Amino acid sequence: MWMPRRKRLPGASMSRTASPWLVATQLTALRPDGSALLSDVTLAVANERVGLIGPNGSGKSTLLHLFSGTRTPDRGVVERTGRLGVLMQRSTLPPHATVADLLGVADVMAALARCDAGQGSAEDVQCIGDRWDLTDRVTDALATFGLGHIPLDRLVHDVSGGERTRLRLASVLLDAPDLLLLDEPTNDLDATHRDAVHHLVRSWPRGLLVATHDRALLEHVDRIVAIEQGTVRSYGGNWEHYVAARDAQRLAAEREHANALATRDRVRREQQAARERQARRDAAGRRGRADGGVPRIMLGMMQERSESTNARLSGTIARAQADAEARVRDARARLEEHASLALPPARSGLAAGTLVVALRDATITVVDNIPLLEHVHLEVRGPERVALVGANGSGKSTLLRVLAGRHPVDERVIYRGVPMSSVVFLDQHATLLDTHATILDAMRASSVARGERVDEETLRATLARFGFRAEQAERNVHQLSGGERMRAALACVLGVTNESAPRLLLLDEPTNHLDLTSLEAVEQALRRYDGALIVASHDRHFLDAVGITRIESVSRWHPHTMSDYPG
1 MWMPRRKRLP
11 GASMSRTASP
21 WLVATQLTAL
31 RPDGSALLSD
41 VTLAVANERV
51 GLIGPNGSGK
61 STLLHLFSGT
71 RTPDRGVVER
81 TGRLGVLMQR
91 STLPPHATVA
101 DLLGVADVMA
111 ALARCDAGQG
121 SAEDVQCIGD
131 RWDLTDRVTD
141 ALATFGLGHI
151 PLDRLVHDVS
161 GGERTRLRLA
171 SVLLDAPDLL
181 LLDEPTNDLD
191 ATHRDAVHHL
201 VRSWPRGLLV
211 ATHDRALLEH
221 VDRIVAIEQG
231 TVRSYGGNWE
241 HYVAARDAQR
251 LAAEREHANA
261 LATRDRVRRE
271 QQAARERQAR
281 RDAAGRRGRA
291 DGGVPRIMLG
301 MMQERSESTN
311 ARLSGTIARA
321 QADAEARVRD
331 ARARLEEHAS
341 LALPPARSGL
351 AAGTLVVALR
361 DATITVVDNI
371 PLLEHVHLEV
381 RGPERVALVG
391 ANGSGKSTLL
401 RVLAGRHPVD
411 ERVIYRGVPM
421 SSVVFLDQHA
431 TLLDTHATIL
441 DAMRASSVAR
451 GERVDEETLR
461 ATLARFGFRA
471 EQAERNVHQL
481 SGGERMRAAL
491 ACVLGVTNES
501 APRLLLLDEP
511 TNHLDLTSLE
521 AVEQALRRYD
531 GALIVASHDR
541 HFLDAVGITR
551 IESVSRWHPH
561 TMSDYPG
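Numbering follows UniProt numbering, in which position 411 of the sequence shown is assigned residue number 411; successive positions increment by one, without gaps.
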């Protein structure tokens, strides 16, 4: 794989112990309402590969903007040395921008062309500087990411989202940066081009900080920095090491919670025993006073002493109880911080061997009856789990829409063994949810549509199992992040009673734009689902986690004359 060429200064070292390219000290970033999104963030990045993780909305992109200098911290300092290369999720280009504009080479390439034609000026030579080899470097960079077929004068709006991401990756490499800042570089990429990004990260010799939810990519980093409660915590090693550390924290939180509960119970027993002992002493004192054998002055002193003792005992008991309750609250908070969802099985009633759906020698066409897929043979029986794989634009999404009854196909070549009412299609944006409804309303509507009769308490309990507790269930769907929307959709789809799940679930790139917490929640929900599953995904970790039993490559059904379509 091509890597950017860079002249090494005399004595320069590429070791992993070099001075840091970036040092951030006690950074704070505020939200528009003045509350802290990030606080007291201190981090240094040297010649190492660092993965940055955290829930959607936790501040990963903001942190990269602070590091790159496109945003000024509200407090704290960022120091940078060397050359910086930045790839952010969103970039703004003029409407008629070309590929050369996106790469940032339009002016230099034009100057080179004039010089090659013998028409160069002093201004052209100044513009070119030391970049006389730029044409070769651009060619190499485009070839690295499978973009050699795209001319530099093509308009950016005429390339796909995945091609645009790869072009932006190529652009940041052209200047041979010392430090790469990457924000979700594998979003919208198919498996082949994800592999190219993985190789880039794995072989990158200088500093690199990548914000990502791609667990396969995180296997290639040297350490992981997690945003936790508005600040950062560093974990040595790659994703595998991070998972081990996180699991250890979860076990420690469970033990701490159990110990706190045991301590609270012991304190309560000791308090009760102390009260009973004091009550017996008080009763004995009252009997002594009733016998009349104690002088009146002594009776007064004994009464005062008893009252003082009771007051001290009450204070001691109250403090001990408050301390025990505080320990339980703190332990419960840490436990919830590390807790995973506890979902019950979602039963579809689908028997093994039942023909769910079949396509036999089907031709699937797109605009103007152009064949996208030909001679498609696909059969799913019982609770099979089938992955559809292939390059972007190869027809996976279109095939799913055919199976969902949303794209036309000759009815003589499709066989449905389950009613369409028991087939659910979930795209990556979970568009089946009414964006004007609350999560609770969407759950209620889905339950009614399936004929379930449940009260609001049951609806809320179901949503809580999917991570939407208390007032979170009343949030509007349009306010949800991608991961939250997918979790809410699965809660609606898999049923309140857990006995009315669909017999066939069709998923189109369900992991796109999900944070790691939501990814694991979706995976757990699907593992508990016992119906048939057909999923298009480039995420190998996800496919392994949900227990795929068969992989179908759509490329074997491509016509010989096929080019890429938005499939």
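A virtual CB, placed ideally from N, CA and C, is assigned to each residue, including glycine. Predicted model, so just to flag it, every value in this text is computed and none were measured.
Per-residue burial, Asp368 [other beta carbons within 10 Å of its own, 16 or more giving buried]: For the purposes of this step, residue 368 is taken as the residue at position 368 of the sequence shown. Asp368 is exposed by the Cβ-count criterion.
By Cβ distance below 8 Å, which residues in the same chain neighbour Pro95 in space, the five residues on each side in sequence not counted? Looking up residue 95 in the sequence shown gives position 95. Non-local beta-carbon contacts of Pro95 in its own chain, meaning distances under 8 Å to residues more than five positions away in sequence, involve His157 in chain order.
CB of Val376 within 7 Å of CB of Ala362, strictly: Within the sequence shown, numbered from 1, the residue matching residue 376 stands at position 376. Within the sequence shown, numbered from 1, the residue matching residue 362 stands at position 362. The answer is yes: Cβ separation under 7 Å.
Under a three-way DSSP split, which group does Asp183 fall into? Your numbering for residue 183 matches position 183 in the sequence shown. Under the three-state reduction of DSSP, Asp183 is assigned to strand.
At the level of alpha carbons, what is the spacing between Gly76 and Leu43? For the purposes of this step, residue 76 is taken as the residue at position 76 of the sequence shown. For the purposes of this step, residue 43 is taken as the residue at position 43 of the sequence shown. Straight through space, the alpha carbons of Leu43 and Gly76 are spaced by roughly 11 Å.
Between Glu325, Gly315, Pro371 and Val409, which has its C-alpha nearest Ala358's C-alpha? Here residue 358 corresponds to residue number 358 of the sequence shown, with the count starting at 1. Cα-wise, what sits closest to Ala358 is Val409.
Is it buried or exposed for Gly547, if we count other Cβ within 10 angstroms and need 16 for buried? Here residue 547 is taken as the residue at index 547 of the sequence shown, counted from 1. Exposed: under 16 other Cβ atoms inside 10 Å.
Would you report the Cα separation of Gly353 and Ala404, rounded to the nearest angstrom? Translated into positions along the sequence shown, residue 353 becomes position 353. Translated into positions along the sequence shown, residue 404 becomes position 404. For the pair Gly353 and Ala404, the Cα-to-Cα distance works out to about 20 Å.
Beta strand (DSSP E) containing residue 573: first to last residue? The shown model of the chain, from 1 to 567, leaves out residue 573, and the question about it has no answer.
By how many angstroms is the C-alpha of Ala473 removed from the C-alpha of Ala437? Looking up residue 437 in the sequence shown gives position 437. Looking up residue 473 in the sequence shown gives position 473. C-alpha of Ala437 to C-alpha of Ala473: approximately 11 Å in a straight line.
From Ile317 to Arg277, what distance separates their C-alpha atoms? Taking the first residue of the sequence shown as 1, we reach residue 317 at position 317. Taking the first residue of the sequence shown as 1, we reach residue 277 at position 277. Approximately 13 Å, taken between the alpha carbons.
DSSP state of Ala346, grouped into three classes? Mapped onto the sequence shown, residue 346 falls at position 346. Ala346 sits in a strand when the DSSP states are folded into three classes.
Measuring only from the beta carbon, is Asp140 closer than 6 Å to any heavy atom that is part of the ligand HEM? Questions concerning the ligand HEM fall outside what the structure shown contains, since it holds no ligand whatsoever.
Between Asn392, His407, Leu251 and Val159, which has its C-alpha nearest His538's C-alpha? Taking the first residue of the sequence shown as position 1, residue 538 is located at position 538. The candidate whose alpha carbon is nearest that of His538 is Asn392.
Ser39 - containing beta strand (DSSP E), residue span: Looking up residue 39 in the sequence shown gives position 39. Per DSSP, Ser39 is one residue of the beta strand (DSSP E) stretching across Ala36 to Val45.
DSSP on Gly315, reduced to helix/strand/coil? Counted from its first residue, the sequence shown places residue 315 at position 315. Secondary structure of Gly315 (DSSP, three-state): helix.
Reducing DSSP to helix, strand and coil, say where Gly395 ends up. Taking the sequence shown and counting its residues from 1, the one referred to as residue 395 is at position 395. The answer is coil: DSSP assigns Gly395 none of H, G, I, E or B.
For Thr231 and Asp481, believed in contact at Cβ under 8 Å, the rounded distance: Locating residue 481 in the sequence shown gives position 481, counting from the first residue. Locating residue 231 in the sequence shown gives position 231, counting from the first residue. Sequence inspection shows Ser at residue 481; the Asp mentioned does not correspond to that position. About 21 Å separates the Cβ atoms of Ser481 and Thr231, ruling out a contact at the 8 Å cut-off.
Give me, in chain order, the residues of the same chain whose beta-carbon lies closer than 6 Å to that of Thr263; leave out the 5 immediate sequence neighbours on both sides. Stepping through the sequence shown from its first residue, residue 263 is reached at position 263. Cβ within range, chain order: Ala324.
Alpha carbon to alpha carbon, how far is Arg485 from Val477? Against the sequence shown, residue 485 aligns to sequence position 485. Against the sequence shown, residue 477 aligns to sequence position 477. Those two C-alpha atoms are separated by around 7 Å.
Which residue marks the beginning of the alpha helix (DSSP H) containing Glu471, and which one marks its end? Taking the first residue of the sequence shown as 1, we reach residue 471 at position 471. From DSSP, Glu471 is part of no alpha helix (DSSP H); its letter is neither H nor E.
May I ask you to list the residues that DSSP assigns as paired with Gly236? Counting from one through the sequence shown, the residue named residue 236 turns up at place 236. Answer by DSSP bridge pairing, in chain order: Arg223.
With DSSP collapsed to three states, give me the class of Asp508. Within the sequence shown, numbered from 1, the residue matching residue 508 stands at position 508. Strand at Asp508.
Boundaries of the beta strand (DSSP E) in which Thr28 is found, first to last residue: Stepping through the sequence shown from its first residue, residue 28 is reached at position 28. Taken as a continuous stretch (DSSP letters only), the beta strand (DSSP E) holding Thr28 covers Leu22 to Leu30.
Helix, strand or coil for Arg550, going by three-state DSSP, please let me know. Stepping through the sequence shown from its first residue, residue 550 is reached at position 550. Shown here, Arg550 sits in a strand according to DSSP, grouped into three states.
Counting along the chain, where does the beta strand (DSSP E) carrying Ala445 start and finish? Here residue 445 refers to the residue found at position 445 when the sequence shown is read from its first residue. For Ala445, there is no enclosing beta strand (DSSP E); the enclosing alpha helix (DSSP H) has its first and last residue at Ile439 to Ala449.
Between Gln479, Glu457, Asp455 and Ala488, which lies nearest to Phe468 when the distance is taken from Cα to Cα? Your numbering for residue 468 matches position 468 in the sequence shown. Among Gln479, Glu457, Asp455 and Ala488, the Cα nearest to that of Phe468 is on Ala488.
Can you say whether Ser555 is buried or exposed, counting buried as having 16 or more other CB atoms within 10 angstroms of its CB? Along the sequence shown, read from residue 1 onward, the residue named residue 555 stands at position 555. Under this definition Ser555 is an exposed residue.
Tell me which same chain residues have a C-beta within less than 8 Å of the C-beta of Lys60, skipping the five on either side of it? Taking the first residue of the sequence shown as position 1, residue 60 is located at position 60. Short of 8 Å from the beta carbon of Lys60, and not among the five residues preceding or following it, lie these beta carbons of its own chain, in chain order: Leu52, Ile53, Gly54, Asp183, Ala211 and Ile227.
On the criterion of 16 or more Cβ atoms from any shown chain inside 10 Å, does Arg550 qualify as buried, or is it exposed? The count along the sequence shown starts at 1 and reaches residue 550 at position 550. Counting Cβ neighbours within 10 Å, Arg550 comes out exposed, since fewer than 16 surround it.
Spatial neighbours of Leu432 within its chain, please: CB distance less than 7 Å, with the 5 preceding and 5 following residues excluded, ordered by chain position. Residue mapping note: residue 432 aligns to position 432 of the sequence shown, counting from 1. Hits under 7 Å: Leu426 and Ala489.
Counting only the same chain and skipping the five closest in sequence on each side, list residues whose C-beta sits under 7 Å from that of Arg31. Locating residue 31 in the sequence shown gives position 31, where the first residue counts as 1. The residues are Leu37.
Considering only C-alpha positions, which residue in the set Leu507, Ile150 and Met109 is nearest to Asp130? What you label residue 130 is simply residue 130 of the sequence shown in a count that begins at 1. Measuring from the Cα of Asp130, the nearest candidate turns out to be Met109.
Contacts around Pro20, its chain only, beta-carbon distance under 7 Å, and the 5 residues preceding and following it disregarded: Taking the first residue of the sequence shown as position 1, residue 20 is located at position 20. Its chain contains Ala44, Val45 and Ala46 as the residues whose beta carbon lies nearer than 7 Å to that of Pro20, once the 5 sequence neighbours on both sides are disregarded; these appear in chain order.
By DSSP's criteria, Val50 is part of a beta bridge. Which residues make up the other side? Locating residue 50 in the sequence shown gives position 50, where the first residue counts as 1. DSSP, once it has assigned bridges, lists Leu209 and Arg223 as partnering Val50.
Ser348 versus Gly451: straight-line alpha-carbon distance, rounded: Walking along the sequence shown from the start, residue 348 turns up at place 348. Walking along the sequence shown from the start, residue 451 turns up at place 451. Approximately 14 Å, taken between the alpha carbons.
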